[in-house]
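Visitor:
Numbering (the working numbering), first residue to last: 882 to 1283.
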């Protein structure tokens, strides 16, 4: 009896270094976006702004990054994608350095918006780069490494920026982000291979995307999930201190615990997402919403410190898996339209961050901290229902646009 042996070419170590560098790039990008959350009071005082006025920097950054992601789909194919990725990271590094020189809100905002343009364009490209660097059966793992930087920054970026701000000031925090971005740009220069430029985009490609119910459903689920998550996450610190009675000195410990859980979530995603994407995302959404709902219903008397930490860990790990899962699902479902579909996805993701932060602030004044968190949990549950209705993609991406 003859047996057919399939030989799978291993991915070179240099490629995995490049993928890791892309993950660190994603970490520096998202940390740059969310850093003001962890230094808002200091930043507002130094730039002569109210805290709500300084908080608009996060919202504006998210919306500008969303616009840049959309426009990135129109970049000429003759531009080297490798050179473009490196150049965008250098722009981000420069914008963070210029921000440290700012002594007015207008100067700081201008520097931040330059970084937001690089942010949106870079993030719209990195998903398609992963698809070029590794075979289809390794795409989930590669995506989990790259977007592991996103989930790690979503939880670790803010406390680390806050820690550096407390020790050496907010300018030192942005200097550290700049140095990290510059280091990853150098690593990408040495390890990233020449990347194939995508085919010129035509209007019919976008029409095909918006006529595809699976893609539209993924976009809708992403918008709801990310908006709900950041509506709660943006105001996590006051929830912990004012509602749950956590001492201010213990906040960093809890956030770091949540960050480590997010990294564990990425490991789980890397192992299971290729075969169980739909079930893994659904279970993660259910656990995240449950943990978030319990945080919204809790109080200082009922919830001991360790239990609060456990709920934050479940929330952090669950959302980490969801970040990786949604991006992987999109990459497998978009077919030949992967770049424009990814650009739209990134635009929606960044717009949802800004929208979530803004909506959370508005709801805070109407229904309070706990009501806002409970509403966010409810939106996540509704989004899980939408995910359950979708058809899981094949590993080879057979559910594409055709």
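Think of the CB as a built atom: it goes at the ideal place given N, C-alpha and C, for glycine as much as any other residue.
With a threshold of 8 Å, establish whether the CB of residue 1134 neighbours any heavy atom of the ligand HEM.
Guide: Absence of the ligand HEM is noted for the structure shown, with no ligands found whatsoever.
Visitor: Should the segment 1239-1258 be regarded as contacting the segment 1099-1111, the criterion being three or more beta carbon pairs within less than 8 Å?
Guide: As far as the Cβ criterion goes, the segment 1239-1258 touches the segment 1099-1111, which means the pair count is three or higher.
Visitor: State buried or exposed for residue 1097, treating a residue as buried only when at least 16 other CB atoms are found within 10 Å of its CB.
Guide: So residue 1097 counts as exposed.
Visitor: Could you tell me the boundaries of the alpha helix (DSSP H) in which residue 1139 lies?
Guide: Where residue 1139 is concerned, the enclosing alpha helix (DSSP H) stretches over 1132-1153.
Visitor: Can the beta-carbon of residue 1359 be found closer than 9 Å to that of residue 1011?
Guide: Missing from the structure shown is residue 1359; the chain here goes from 882 to 1283 and no further.
Visitor: Determine the closest residue to residue 1174 out of 1196, 1204, 1207 and 1160, with distance taken between C-alpha atoms.
Guide: Looking at the Cα atoms, 1196 is the closest of the given residues.
Visitor: Near residue 973, which residues of its chain fall below 6 Å by C-beta distance, leaving aside the five closest residues on each side in sequence?
Guide: Excluding residues within five positions, the ones whose Cβ falls inside 6 Å are 996, 999 and 1062.
Visitor: In chain order, what residues of the same chain have a beta carbon less than 7 Å from the beta carbon of residue 967, not counting five sequence neighbours either side?
Guide: Counting only Cβ-Cβ distances below 7 Å, and skipping sequence neighbours, we find 1066, 1069 and 1070.
Visitor: Output the boundary residues of the alpha helix (DSSP H) element that contains residue 1055.
Guide: Per DSSP, residue 1055 belongs to the alpha helix (DSSP H) from 1051-1072.
Visitor: Which word fits residue 1180, buried or exposed, when buried means at least 16 other C-beta atoms lie within 10 angstroms of its C-beta?
Guide: By the 10 Å Cβ count, residue 1180 comes out exposed.
Visitor: Should residue 962 go down as buried or exposed, given a rule of 16 or more other Cβ atoms within 10 Å for buried?
Guide: Result: buried.
Visitor: Leaving aside the five residues before and after residue 979 along the sequence, list all residues of the same chain whose C-beta is less than 6 Å from its C-beta, in chain order.
Guide: Once the five neighbours on either side are set aside, the close Cβ partners of residue 979 are 992.
Visitor: Residue 1110 by DSSP, collapsed to three states: which one?
Guide: Here residue 1110 sits in helix by DSSP.
Visitor: Let me check understanding here. Comparing Cα to Cα, which of 1193, 943 and 1060 lies closest to residue 1121?
Guide: The shortest C-alpha separation from residue 1121 is found at 1193.
Visitor: Distance check for residue 1119 and residue 1127, CA to CA, integer angstroms please.
Guide: When rounded, the distance between both Cα atoms is 9 Å.
Visitor: Do the segment 1045-1052 and the segment 937-955 meet, that is, are 3 or more Cβ pairs less than 8 Å apart?
Guide: No, the segment 1045-1052 is not in contact with the segment 937-955.
Visitor: Beta carbon of residue 1232, beta carbon of residue 947: below 9 Å?
Guide: Contact flag set, yes.
Visitor: Under a three-way DSSP split, which group does residue 1164 fall into?
Guide: Three-state result, residue 1164: helix.
Visitor: Using 8 Å as the Cβ pair cut-off and three pairs as the minimum, do the segment 1143-1154 and the segment 1201-1215 touch?
Guide: Output reads yes: the segment 1201-1215 touches the segment 1143-1154.
Visitor: When DSSP labels each residue in this structure, what does residue 1191 get in the three-state scheme?
Guide: Note: residue 1191 maps to helix in three-state DSSP.
Visitor: Could you work out which residue in 1262, 914, 990 and 976 is closest to residue 1042 when comparing CA atoms only?
Guide: Nearest C-alpha to residue 1042: 914.
Visitor: Just mark residue 960 as buried or exposed, buried being the case when its beta carbon has 16 or more other beta carbons within 10 Å.
Guide: It counts as exposed.
Visitor: Let me confirm a value: residue 1280 is counted as buried when at least 16 other C-beta atoms fall within 10 Å, else exposed. Which label applies?
Guide: Any reading at residue 1280 needs caution, since the residue's pLDDT is 45, under 50, leaving its predicted position unreliable; the model's value is listed next. Buried: at least 16 other Cβ atoms inside 10 Å.
Visitor: Let me know if residue 925 comes out buried or exposed under the rule of 16 or more other beta-carbons within 10 Å of its beta-carbon.
Guide: Residue 925 comes out buried.
Visitor: Can you give the beta carbon distance from residue 1006 to residue 965, rounded, assuming they're within the 8 Å contact cut?
Guide: Yes, residue 1006 and residue 965 are in contact; Cβ-Cβ is about 7 Å, under 8 Å.
Visitor: Tell me the residue span of the alpha helix (DSSP H) that contains residue 968.
Guide: That run of the alpha helix (DSSP H) goes 962-981.
Visitor: Can you give the beta carbon distance from residue 950 to residue 1001, rounded, assuming they're within the 8 Å contact cut?
Guide: The pair is a contact, with the Cβ atoms about 4 Å apart (cut-off 8 Å).
Visitor: What separation, rounded to the nearest whole angstrom, lies between the Cα atoms of residue 897 and residue 1026?
Guide: Going by the C-alpha atoms only, they are around 9 Å apart.
Visitor: Where residue 1211 and residue 929 are concerned, what is the direct C-alpha to C-alpha distance, given to the nearest angstrom?
Guide: Taking the straight line joining both Cα atoms gives about 43 Å.
Visitor: Quick check on this structure: which residue in 1137, 1172 and 1146 has the alpha carbon closest to the alpha carbon of residue 1037?
Guide: Among 1137, 1172 and 1146, the Cα nearest to that of residue 1037 belongs to 1137.
Visitor: Counting C-beta neighbours from all protein chains within 10 Å, is the total for residue 1183 16 or more, i.e. buried, or is it exposed?
Guide: The residue in question, residue 1183, is exposed, as its Cβ has fewer than 16 Cβ neighbours within 10 Å.
Visitor: Give the straight-line distance between the Cα atoms of residue 911 and residue 891, rounded to the nearest whole angstrom.
Guide: If you take the alpha carbons of residue 911 and residue 891, they lie about 31 Å apart.
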